[in-house]
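Asks: Please read through the structure below; I'll follow up with questions.
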Amino acid sequence: HMTTENFHTLTVETVSAGVWLVRLNRPQALNALNTELLGELSAVLDHAEMTEDVRALVLTGSTRAFAAGADINEMAALDMVGILNDPRQQHWQRITRFSKPLIAAVNGFCLGGGCELAMHADILIAGHDAEFGQPEINLGIMPGAGGTQRLLRAVGKSMAMQMVLSGQPISAQQALQCGLVSEITQPEMTVERALALACRIATKAPLAVRLAKEAILRGMDADLSTGLRYERQAFTLLAATDDRNEGIAAFREKRQPGFSGR
Ligand code: CAA
Numbered sequence: 001h002m003t004t005e006n007f008h009t010l011t012v013e014t015v016s017a018g019v020w021l022v023r024l025n026r027p028q029a030l031n032a033l034n035t036e037l038l039g040e041l042s043a044v045l046d047h048a049e050m051t052e053d054v055r056a057l058v059l060t061g062s063t064r065a066f067a068a069g070a071d072i073n074e075m076a077a078l079d080m081v082g083i084l085n086d087p088r089q090q091h092w093q094r095i096t097r098f099s100k101p102l103i104a105a106v107n108g109f110c111l112g113g114g115c116e117l118a119m120h121a122d123i124l125i126a127g128h129d130a131e132f133g134q135p136e137i138n139l140g141i142m143p144g145a146g147g148t149q150r151l152l153r154a155v156g157k158s159m160a161m162q163m164v165l166s167g168q169p170i171s172a173q174q175a176l177q178c179g180l181v182s183e184i185t186q187p188e189m190t191v192e193r194a195l196a197l198a199c200r201i202a203t204k205a206p207l208a209v210r211l212a213k214e215a216i217l218r219g220m221d222a223d224l225s226t227g228l229r230y231e232r233q234a235f236t237l238l239a240a241t242d243d244r245n246e247g248i249a250a251f252r253e254k255r256q257p258g259f260s261g262r
């Protein structure tokens, strides 16, 4: 059982049917992402991927910080070859290929690798005190876990350049305006709102959710015709599922559908 597992840097809680809440928990370092934390997070995702009952995940930090970046002390010990062979790269790939909905509930500092982690989520909900930034330039480096690429796609060229080149963070309000997050809440409601969304998604047909997520993600790095072709294939595939029959039958019979994941 996930909740009883012994992690050092995060906690996992089964909140309701199908929803796990993962809380980053390195308060002494504002949840800086060291290798242990990324390793534990990728272990949780492995477990969630293999557990059929898990339908959606919410990832959060504390009220003070979602995460203040890569662990600078750990990074300082790596030379070029160390960075080249960094095992963290595999953990990032694990997060990237997670097939179930991942919602980030962000309060406080969301910086550097922390902002990059939040951008791995499918949906971002932020407290109005959240602060998003890529301050790596202040350390003489640059984002290295997808920051330049995912920011560009999320907020466009000018804001991505502004954040990455100046190192200056933006407010939750600005993040909402430029599309980095989809909603802003009172800070004490952020996790609750993310969980409500996750619970709603958890009631939908899992195969449809999975293919819809994949279609949107593929669309981010494909031209329109390639994206549309993928969408049509996924849509066609869903016609062969029990849940499609159930969903349509339930609508016609004016009742709630009971999806089986088949
Ligand atoms: N790594 C390691 N430790 C960190 C950390 C980080 N990224 N961010 C904060 N901490 C530690 C601090 O060292 C401090 O520890 P001590 O109490 O032992 O000194 C503790 O967390 C609390 O932090 P502060 O005292 O600095 O808190 P503050 O409220 O004064 O400032 C802050 C908060 C503005 C976020 C500041 O901590 C800060 O600037 N942090 C670094 C942010 C940063 O540069 N992140 C990018 C990292 S590089 C990266 O992420 C690379 C990549 O893309 C993969």
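Mapping to the working numbering: the sequence shown position 177 is 177, numbers consecutive.
Note that beta-carbon positions come from the ideal geometry of N, C-alpha and C, so glycine has one too.
Model, not experiment: these values are computed from the prediction.
1) How about the segment 135 to 155 and the segment 168 to 188: do they share at least three Cβ pairs that are nearer than 8 Å?
2) Quick check: leucine 59 and phenylalanine 98, are their CB atoms within less than 8 Å of each other?
3) Output the distance between the C-alpha atoms of methionine 189 and leucine 21, rounded to the nearest integer angstrom.
4) In whole angstroms, what is the alpha-carbon distance linking proline 27 and serine 62?
5) Taking the alpha-carbon of glutamate 13 as reference, which of Ala48, Leu38 and Leu37 has the nearest alpha-carbon?
6) Could you tell me the distance, in whole angstroms, from the CA atom of leucine 151 to the CA atom of tyrosine 230?
7) Just to confirm, does alanine 145 get its C-beta within under 7 Å of one of the non-hydrogen atoms of ligand 1?
8) Please work out which residues of its chain come closer than 6 Å, Cβ to Cβ, to alanine 104, disregarding the five sequence neighbours upstream and downstream, and give them in chain order.
9) In the segment 86 to 122, which residue ranges form an unbroken beta strand (DSSP E) of at least 3 residues, counting only runs that do not cross its ends?
10) Residues in the same chain with beta-carbon distance under 6 Å from threonine 241, minus the five sequence neighbours each way, listed in chain order, please.
11) Evaluate contact between the segment 106 to 118 and the segment 128 to 143, counting only Cβ atoms and requiring at least three cross-stretch pairs below 8 Å.
12) For alanine 198, I'd like the list of residues in its chain whose CB is within less than 6 Å of its CB, leaving aside the five on either flank, ordered along the chain.
13) Can you name the start and end residues of the beta strand (DSSP E) that glycine 133 belongs to?
14) Does the distance between the C-beta of alanine 68 and the nearest non-hydrogen atom of ligand 1 fall short of 7 Å?
15) Let me know the secondary structure DSSP gives glutamate 13 once reduced to three states.
16) Can you tell me where the alpha helix (DSSP H) with valine 44 in it begins and where it stops?
17) Give me, in chain order, the residues of the same chain whose beta-carbon lies closer than 8 Å to that of leucine 193; leave out the 5 immediate sequence neighbours on both sides.
18) Let's see if you can read the secondary structure: which residues bound the alpha helix (DSSP H) around isoleucine 248?
19) I want to check one thing, is the minimum distance from the CB of aspartate 264 to the heavy atoms of ligand 1 below 7 Å?
20) Are the beta-carbon atoms of asparagine 31 and alanine 68 separated by less than 8 Å?
21) DSSP has leucine 57 in a bridge; who is on the other side?
22) Of all the options Leu41, Arg244, Ala70 and Thr51, which has the alpha carbon lying nearest to the alpha carbon of methionine 142?
23) Can you tell me whether phenylalanine 235 is helix, strand or coil according to DSSP?
24) Ligand 1 and asparagine 107: does any heavy atom of the ligand fall closer than 7 Å to the residue's C-beta?
Replies: Taking the coordinates as given:
1) yes
2) no
3) 14 Å
4) 8 Å
5) Ala48
6) 24 Å
7) yes
8) Leu59, Ala118, Ala121 and Leu124
9) 102 to 106 and 109 to 111
10) Leu207
11) yes
12) Val19, Ala56, Val58 and Ile103
13) 131 to 133
14) yes
15) strand
16) 35 to 50
17) First, the amino acid is wrong: residue 193 is arginine here, not leucine. If we look at arginine 193 and ignore the five residues flanking it on each side, its Cβ neighbours are Ala105, Ile125, Glu183 and Thr185.
18) 242 to 252
19) The structure shown does not extend to residue 264, since the chain spans only 1 to 262, so no value can be given for it.
20) yes
21) Trp20 and Leu102
22) Ala70
23) helix
24) no
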